[in-house]
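Everything on this sheet refers to the single structure shown next.
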Amino acid sequence: MPAAPQFQSEFLRTFAARGAYYDCSGPEELDRLFAKERVTAYIGFDCTADSLHVGSLVQLMTLRRLQQAGHKPILLMGGGTTKAGDPSGKDDTRQMLTSEQIEANKQSILGGIKHLLHFGDGPSDAILVDNAEWLDRLEWLPFLREVGRHFSVNRMLTLESVKLRLEREQPLSFLEFNYSIMQAYDFVELYKRYGCRLQSSGSDQWGNVVSGIDLGHRLANVQLYGLTTPLITTASGAKMGKTAAGAVWLNSDRVSPYDYWQFWRNTEDGDVGRFLRLFTELPESEITRLENLEGAERNDGKKILATEATSILHGREAAGLAAETARRTFEEGASAEGLPSFEIERAKLEAGIPVPNLAQMSGLTSSTGEARRFIQGGGLSVNNVPVKDVKANVSLSDVKDGAIKLSLGKKKHILIKPV
RNA sequence: GGGGGAGUGUCCCGAGUGGCAAAGGGGGCGGACUGUAAAUCCGCUGGCUUCGCCUUCGUAGGUUCGAGUCCUACCUCCCCCA
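863 is the number that my numbering gives to position 379 of the first sequence; each next residue is one higher, with no gaps.
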């Protein structure tokens with residue numbers, strides 16, 4: 485990672501101090517620009533799924549910080565680029581999505597991140613645009629003559645995303661090959677429409693950002709800038725936010741605020757300070773204090789990280805609720821109300837249900853076979869007591885305080901409520 | 001258009017001689033130890049009405065008591081030639 489320069493402007497200084505800085509085109513000039521005027525900057529997100537996940541959080545935080553520093557963020561939804569598919573970081577061609585799916589994804593993504601930015605007409609209010617607005621309408625030959633002539637295939641072949649596919653002898657369709665041209669075109673289009681001067685992105689998009697800057701010179705005779713953030717990995721080197729259960733999604737219907745809070749609560753020791761800087765807005769002095777706590781006190785830092793990060797995404801109330809549910813569950817061992825629950829007919833329970841079936845029905849395990857294996861490994865508990873026998877039953881007599889607490893390991897719990 | 005090669009457990013990579021629920025990794029999950037951490041060790045990592053049955057090796061057929069393994073056609077991809 486390149487060392488961050490000594491920035492003068494408020495925004496870039498904070499950006500770097502928070503650990504979000506990776507690289508930048510023309511750092512001195514961009515710094516002067518930020519010091520002198522309100523900068524319009526954009527970040528694009530593709531609509532490949534119905535929710536973003538924590539991998540995009542650094543980018544979202546960048547938009548938020550721009551806004552807080554009085555600049556103007558543009559949230560670009562890639563309704564158009566998604567129709568091509570970004571080859572970056574993918575071995576295989578993505579499945580082609582229909583326009584309807586893309587539109588539905590877009591709406592869903594927006595719903596999940598609405599707390600993060602303030603949209604409107606004010607000077608530093610965020611703008612929402614969809615690149616399908618212009619990309620959908622392009623005409624093949626005029627586009628090639630106006631824009632395509634500025635792209636050298638020789639250079640495009642050296643783009644990381646393209647090179648990787650070629651080296652691995654993985655297919656790269658012509659459709660995908662055009663992705664970086666579209667992204668470059670977006671940048672110039674946003675300059676023309678909104679005076680956008682800066683594109684921020686993850687470091688993996690650097691090649692595409694630079695293409696946009698070049699195109700700005702050629703089509704609009706303007707100096708555009710790029711600012712990238714580092715790829716966030718955990719202290720043990722794993723890509724953040726991917727588990728077997730899937731990505732840590734931002735939309736609450738995929739990952740509940742409680743589970744989201746838990747995700748941050750389980751941060752490795754070595755990541756606490758870094759994550760507090762990146763994903764919360766606490767002052768540096770407080771972060772320094774938290775990251776220097778020793779031993780078990782480190783958990784205090786993790787709880788604050790969890791609550792702050794959850795607040796930014798889901799609001800302070802939901803975060804507080806998640807924190808309280810976690811406290812009751814882990815620190816008091818109680819069957820806290822806020823845990824996920826599953827309702828079952830009283831009559832069925834009265835007759836007695838084998839534990840593996842109940843685990844499967846409630847969604848705690850994906851199959852009865854899996855539940856059986858967990859029982860054999862001692863990983864499944866009823867009311868905090870490990871189940872010993874695969875054939876064990878639960879019935880009404882196991883109901884305590886209106887529910888049976890079924891647990892998978894120490895962290896996953898579900899309340900079975902008879903109705 | 002011609003020639004050569006590849007597609008394996010739906011997380012990924014990858015062995016596989018006609019008897020295979022299919023080696024080995026990585027990743028993930030569970031247990032022990034802890035602090036809801038890391039490291040380490042152990043276990044699990046197709047489904048079910050589980051001492052048994054069912055479904056899996058690109059797709060569809062065929063040969064065989066038996067097919068991931070052999071044959072045929074098709075699909076997708078890679079490489080070379082044109």
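Each residue gets a CB set at the ideal place from its N, CA and C atoms; glycine is no exception.
Straight-line measurement puts the Cα of V542 at about 14 angstroms from the Cα of Q551. A direct Cα-Cα distance of roughly 15 angstroms separates E768 from L496.
Between the stretch 764 to 783 and the stretch 704 to 716, the count of C-beta pairs closer than 8 angstroms stays below three; the two stretches do not touch. D885 is not bridged by DSSP to any residue.
The beta carbon of E644 is closer than 6 angstroms to those of G691 in its chain, skipping five residues each way along the sequence.
Between A568 and the set Q667, L625, L600 and G754, the nearest pair of CA atoms involves Q667. For the options E770, T565, R702 and Y505, the alpha carbon positioned closest to that of N662 is the one of T565. The alpha-carbon separation between V756 and W624 amounts to approximately 50 angstroms. In the DSSP assignment, K901 falls within the beta strand (DSSP E) that extends over K896 to P902. Contact between V874 and I859 holds: their C-beta atoms lie close to 5 angstroms from each other, under 8 angstroms. Proximity to D530 across L547, R549, G562 and V523 peaks at G562, based on C-alpha coordinates. Around D670, the same chain offers N615 as residues with beta carbons nearer than 6 angstroms, after the five sequence neighbours per side are excluded. Scanning its chain for C-beta atoms nearer than 7 angstroms, with the 5 sequence neighbours on each side dropped, one finds around R761 the residues R502, G503 and I771, in chain order. Between the C-alpha atoms of A519 and M545 there is a straight-line separation of about 20 angstroms. Taken in chain order, the unbroken stretches of beta strand (DSSP E) that lie wholly in the stretch 821 to 895 and span 3 residues or more are 825 to 828, 864 to 866 and 888 to 892.
Of all C-beta pairs linking the stretch 632 to 639 to the stretch 593 to 600, fewer than three are shorter than 8 angstroms, placing the two stretches out of contact.
Its Cα nearest to that of L594, the residue D534 stands out among D534, D620 and G554.
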